[in-house]
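Position in the sequence shown (from 1) plus 1 gives the number in our numbering. Positions of the beta carbon are idealized from the N, C-alpha and C atoms, including for glycine. Just so we're clear, the structure is a prediction, and the values are computed from it rather than from any experiment. This report concerns only the one structure given below.
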Amino acid sequence: MTNTDICNMALGKLGASRIKSLANTSENTPEAIQCRLHFEQTRDALIRSHWWRFASARAALTENSSSPDFEFDNQFDLPDDFMRLKSVWDGVDHRNTRVTFGMEGDLLLTNSDSIDLRYIKKVTDPTKFDSLFVEVLILKLAIKLVSPLAGGAPKLLQVLGTELQLIMPSVRALDRQETNNVGRNDNPSWNDARFSSGGARIASQLGG
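Structure, rendered in structure tokens:
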């Protein structure tokens, strides 16, 4: 599976012409131009929208050399490939409390002295993609390509939207099977990412 394959499968949903290579910037067909324009943004947004197992990672964060101006005592650098927080751990039993933290830019702010992080990372190698992720990416990309390549086509948009709705139960079932692991809610040392300093819940949204 290559990025070009994914683009061509999305183009196939529209009945559009195939491209030779997504990486070939000299290929100036409308299909190639639009795929280059939308592919990376669509891929990254989809990775960030869900707790995909293939994109799951963990890291012990490095403390930043400077301190926050107020509210928190310490701040830690987020990983370079960070896309979304899953949970944090500071080595303290939070059975009756939660780690208080905030996120600003590429920093995690907290009063804790050390932080271990579980997160969703950026993945650009298509051979690492989950097959269900690929199916959703194809549909998401195809929906974006309808307007520039198929003139809007309301019926086509409806068909693609229906396909996306049909595949979502499988994605949600996979989420229930693979993300409710020890350390997420049942281990009191891990602070679920849905709760930050403001207590706000962060919902997984795939659309459709």
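Could you check if residue 32 is buried or exposed, using at least 16 other CB atoms within 10 Å of its CB as the buried criterion?
Against the sequence shown, residue 32 aligns to sequence position 31. Buried, since its Cβ has 16 or more Cβ neighbours within 10 Å.
In its own chain, which residues sit with a C-beta less than 6 Å from the C-beta of residue 172, not counting the 5 before and 5 after it?
Taking the first residue of the sequence shown as position 1, residue 172 is located at position 171. These residues qualify, in order along the chain: 133.
Alpha carbon to alpha carbon, how far is residue 56 from residue 79? Give it in angstroms, no decimals.
Here residue 79 is taken as the residue at index 78 of the sequence shown, counted from 1. Here residue 56 is taken as the residue at index 55 of the sequence shown, counted from 1. Distance between the alpha carbons of residue 79 and residue 56: 16 Å.
Mapping the DSSP letters down to three states, classify residue 40 as helix, strand or coil.
For the purposes of this step, residue 40 is taken as residue 39 along the sequence shown, with counting starting at 1. Reduced to three states, the DSSP call for residue 40 is helix.
Under 7 Å, Cβ to Cβ, is there at least one residue of chain D near residue 7?
In the displayed structure, chain D is absent; only one protein chain is listed.
For residue 29, which three-state DSSP category applies?
Looking up residue 29 in the sequence shown gives position 28. Note: residue 29 maps to coil in three-state DSSP.
List the endpoints of the continuous alpha helix (DSSP H) containing residue 60.
In the sequence shown, residue 60 corresponds to position 59, counting from 1. Note, residue 60: premise wrong, no alpha helix (DSSP H); beta strand (DSSP E) at 57–61.
With DSSP collapsed to three states, give me the class of residue 72.
Within the sequence shown, the letter at position 71 stands for residue 72. In this structure, residue 72 counts as coil in the three-state DSSP scheme.
Across which residues does DSSP place residue 104 in a beta bridge pair?
Mapped onto the sequence shown, residue 104 falls at position 103. According to DSSP, residue 104 bridges with 109.
One question on the structure: do residue 117 and residue 61 come within less than 7 Å of each other, judged by their Cβ atoms?
Within the sequence shown, numbered from 1, the residue matching residue 117 stands at position 116. Within the sequence shown, numbered from 1, the residue matching residue 61 stands at position 60. Yes, the pair counts as a contact, with Cβ atoms nearer than the cut-off.
Determine the DSSP secondary structure at residue 78, reduced to helix, strand or coil.
In the sequence shown, the residue the question calls residue 78 occupies position 77. Of the three classes helix, strand and coil, the one that applies to residue 78 here is strand, per DSSP.
For a quick check, are the C-beta atoms of residue 120 and residue 175 less than 7 Å apart?
Working through the sequence shown from its first residue, we reach residue 120 at position 119. Working through the sequence shown from its first residue, we reach residue 175 at position 174. For residue 120 and residue 175, no; Cβs fall outside 7 Å.
Could you tell me which residues DSSP pairs with residue 64 in its beta bridges?
By 1-based counting over the sequence shown, the position of residue 64 is 63. According to DSSP, which records beta bridges pairwise, residue 64 is partnered with 77.
Quick check on this structure: which residue in 100, 42, 44, 125 has the alpha carbon closest to the alpha carbon of residue 113?
One-based indexing of the sequence shown puts residue 113 at position 112. Nearest C-alpha to residue 113: 100.
Go through its chain and collect everything with a Cβ distance to residue 136's Cβ below 8 Å, but skip five positions before and after it.
Counting from 1 along the sequence shown, the entry for residue 136 is found at position 135. Only 168 meet the Cβ criterion.
I need the boundaries of the alpha helix (DSSP H) containing residue 18, first residue and last residue.
Numbered from its first residue, the sequence shown carries residue 18 at position 17. That residue, residue 18, is in no alpha helix (DSSP H); it is neither H nor E in DSSP.
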